[in-house]
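One structure is given here, and the rest of the page talks about it.
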Amino acid sequence: MSTRPKIALHWQILIGLILGIVVGLAINTLWDASTWNSMGIDDPSAWVNGSDIEAVNQDPSIAARAALFVRNLNGFVGDLFLRGLRFIAVPIVVFSLIVGASSLNDLSKLSRIGGKTIGIYLVTTAVAISIGLLFANIAKPGSFVSEETRDGFVAQFGEQAQEKVLAAQKPDVWDTVLNIVPKNPFEAIAAGNMLQVVFASLLVGIALTLIKREKAVVVIKFFDAMTDVIIKIVEIVLMIAPYAVFALIVEQIAELGLDILGSLAAYSLVVVAGLATMMFIIYPLVLRVLTGSSGIGYGRFFRAISPAQLLAFSSASSSATLPVTMECCEQRMGIKEEVSAFVLPIGATINMDGTALYQGVAAVFIAQLYGMDLSISQQLTIVLTATLASIGTAGVPGVGMIMLVIVLQSVGIPLEGIAVILGVDRILDMCRTSCNVTGDCMVCAVVASSEDAIESPEQIQARMNAPLDEDPVDEGRLDG
Ligand code: ASP
16 MSTRPKIALH
26 WQILIGLILG
36 IVVGLAINTL
46 WDASTWNSMG
56 IDDPSAWVNG
66 SDIEAVNQDP
76 SIAARAALFV
86 RNLNGFVGDL
96 FLRGLRFIAV
106 PIVVFSLIVG
116 ASSLNDLSKL
126 SRIGGKTIGI
136 YLVTTAVAIS
146 IGLLFANIAK
156 PGSFVSEETR
166 DGFVAQFGEQ
176 AQEKVLAAQK
186 PDVWDTVLNI
196 VPKNPFEAIA
206 AGNMLQVVFA
216 SLLVGIALTL
226 IKREKAVVVI
236 KFFDAMTDVI
246 IKIVEIVLMI
256 APYAVFALIV
266 EQIAELGLDI
276 LGSLAAYSLV
286 VVAGLATMMF
296 IIYPLVLRVL
306 TGSSGIGYGR
316 FFRAISPAQL
326 LAFSSASSSA
336 TLPVTMECCE
346 QRMGIKEEVS
356 AFVLPIGATI
366 NMDGTALYQG
376 VAAVFIAQLY
386 GMDLSISQQL
396 TIVLTATLAS
406 IGTAGVPGVG
416 MIMLVIVLQS
426 VGIPLEGIAV
436 ILGVDRILDM
446 CRTSCNVTGD
456 CMVCAVVASS
466 EDAIESPEQI
476 QARMNAPLDE
486 DPVDEGRLDG
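Printed below as a string of structure tokens:
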């Protein structure tokens, strides 16, 4: 297949992203109701939302029809891409985890990898919240918002905030653990419940090591081939990634309330600074220290995972990004499937460092808005509840804010404060999802290196250059 792009995929995606931001900003600032009016549209929102076109205007101009068509096409491309990624997410986990677990041949190795994975996930999450709390306590973003602005936001977004509060359910630890075991594995697959899917696939993989070898081999070969098929489908979906990223970003930036961003600039900057510290200082440092002399350096790490980071930013969904995260870790970083297929799906489901950091900053910010001083013990409670809340946060857009309700409740911070930060949530969600995915990749690399399950750069190069019949799925993979 001669699909090898001339420009590496991550550059293409980056170009899509930057163009999306530029065009989105231009639309945001230059295109307003009067632009629609000049095209013969009196009620832009009814026209854009497609409600009764005749009632909106007797005679929409060609330009208005064209503008609406472009907008709809844009939405279609973005949604098509996200659907493609979701289409792959469950099968890739099932197939590669069955192959990975069945090739381990060793239960103690599996529990060792599991222990390390969960342990590092929990520690990095607690570190992330602590950084968020530290930054918010030092920068005091709450002092930059006046009481009138606060009350204005509460009046404007109060209803939407109330919906988030109602959607939040306090997680019960027993139920959460019990829920990992699916009543029906096919139902878990159909519903895309990742933890259950991981559990069921692991069980099948382990059971395969316990039956007669000649029978097991047939099944393993089948799933191995299916893994390659799915990786091919990832490549096909990724062909539209640069356009889709453009489409997703244009939509978000065009609809972003820039004036809101202004009054919440200090808060947003604290969140972004915390996330950047995690992504660009803490993770590379931990990686360097824990991967020893054969360590994975800054350049190698970020070159390998940049497509996943960019897609996480564009989609605001760790789950949708999962197939690309797996592809990046396996193909570009050289991590063996037996580790990545286990560590990454669990990470996309429970490891949300960015979300936890954001919840820490948001809690302190809202407390400052309401003149509350949080004691050390209250801040420790936030560390604990935000760690648990981030585990319970699904890897889809906006859920981090719903789980924030539980964090606020745990220390008695007024819930109406959620209305204040709602307007900038999507853009911060994009940033925190990038951090979430980066954290998953970092832990995956650390665990793989401790298990000697990672290729050297030379081995990766040799694999990439291998003739087609040696490894039929290599050609055309994410290269960069
Ligand atoms: N969107 C985030 C993710 O998918 C979760 C959140 O913080 O809302 O990782």
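In this text, residue positions in the sequence shown follow the numbering used here: the first is 16, and each later residue adds one. Ideal placement from N, C-alpha and C gives every residue a C-beta, glycine not left out. Here the structure is a predicted model, which is why all the values come from computation and not from measurement.
Integer-rounded CB distance, given that residue j should sit under 8 Å from residue i
i: Asn43; j: Ile264; result: That belief does not hold up - the Cβ atoms of Asn43 and Ile264 are roughly 12 Å apart, past 8 Å.
i: Gln374; j: Ala401; result: 4 Å
i: Asp243; j: Thr340; result: Wrong, their Cβ atoms sit about 18 Å apart, outside the cutoff.
i: Met367; j: Ser329; result: In fact, because the Cβ distance is near 18 Å, the residues do not count as touching under 8 Å.
i: Val108; j: Ala356; result: 7 Å
i: Val403; j: Leu290; result: It should be noted that the sequence gives Leu, not Val, for residue 403. Wrong, their Cβ atoms sit about 20 Å apart, outside the cutoff.
i: Cys459; j: Cys344; result: 5 Å
i: Ser278; j: Val142; result: So it is not a contact: roughly 30 Å between Cβ atoms.
i: Thr140; j: Val462; result: The Cβ separation is near 16 Å, so there is no contact.
i: Phe110; j: Met241; result: 4 Å
i: Ser76; j: Gly99; result: About 35 Å separates the two Cβ atoms, so there is no contact after all.
i: Leu337; j: Ala104; result: 5 Å
Which listed residue (the options) has its alpha carbon closest to that of residue i
i: Val92; options: Val38, Val260, Asp58, His25; result: Val260
i: Thr408; options: Ser117, Lys124, Pro299, Thr364; result: Thr364
i: Ser564; options: Val63, Gly312, Pro156; result: The requested residue 564 does not occur in the structure, where the chain is confined to residues 16 to 495.
i: Asp444; options: Val249, Pro106, Leu326, Asn194; result: Leu326
i: Val358; options: Ala78, Met457, Ile406, Glu162; result: Met457
i: Asp274; options: Gly99, Ile103, Arg447, Ile436; result: Ile436
i: Ile235; options: Ala434, Ser53, Ala288, Leu112; result: Leu112
i: Trp26; options: Pro59, Met254, Phe237, Asp47; result: Met254
i: Leu218; options: Leu125, Val422, Gly369; result: Leu125
i: Phe201; options: Ser158, Ala182, Pro106; result: Pro106
i: Ala335; options: Leu399, Val160, Ala288, Pro360; result: Pro360
i: Ala154; options: Pro429, Pro338, Ala377, Val420; result: Ala377
i: Val286; options: Thr370, Ala262, Arg303; result: Thr370
i: Val354; options: Glu162, Thr140, Leu137, Ile128; result: Ile128
i: Leu122; options: Pro156, Ala222, Ser321; result: Ala222
Distance cut-off 7 Å: residue i Cβ against heavy atoms of the ligand ASP
i: Gly410; result: yes
i: Met367; result: yes
i: Asn208; result: no
i: Ser283; result: no
i: Ser333; result: yes
i: Val414; result: yes
i: Arg441; result: no
i: Thr448; result: yes
i: Asp444; result: yes
i: Thr505; result: This structure leaves residue 505 out entirely; the chain is present only between 16 and 495.
i: Thr224; result: no
i: Thr370; result: yes
In DSSP terms, what residue i is bridged to
i: Ile350; result: Ile469
Residue i classed as buried or exposed, judged by whether at least 16 other C-beta atoms fall within 10 angstroms
i: Ile427; result: Ile is not the amino acid found at residue 427; the sequence shown has Gly there. Under this definition Gly427 is an exposed residue.
i: Gln346; result: buried
i: Phe84; result: exposed
i: Leu493; result: Any reading at Leu493 must be qualified, since the residue scores a pLDDT of 41, below 50, and its modelled position is unreliable; the value itself is stated next. Buried, by the Cβ-count rule.
i: Asn89; result: buried
i: Phe214; result: buried
i: Gly438; result: buried
i: Trp51; result: buried
i: Ala477; result: exposed
i: Pro487; result: Bear in mind that a pLDDT of 40 at Pro487, under 50, signals an unreliable position, so the number given afterwards is only what the model happens to contain. Pro487 is exposed by the Cβ-count criterion.
i: Gly130; result: exposed
i: Asp467; result: exposed
i: Gln175; result: exposed
i: Asp440; result: buried
i: Asp484; result: With a pLDDT of 49 at Asp484, under the threshold of 50, the modelled position of this residue cannot be trusted; read the value that follows with caution. That one is exposed.
i: Ala116; result: buried
i: Met16; result: With a pLDDT of 46 at Met16, under the threshold of 50, the predicted position of this residue should be treated as unreliable, though the coordinate-derived value follows. Classification for Met16: exposed.
i: Glu178; result: exposed
i: Val452; result: buried
i: Trp62; result: buried
i: Gly134; result: exposed
i: Arg165; result: buried
Residue-chain proximity (residue i, chain C), Cβ-Cβ < 8 Å
i: Gly35; result: As a matter of chain content, chain C is missing from the structure shown, which is built from one protein chain.
Residue i Cβ short of 7 Å to the ligand SAH heavy atom set
i: Ala382; result: With respect to the ligand SAH, the structure offers nothing, as its ligand set consists of the ligand ASP.
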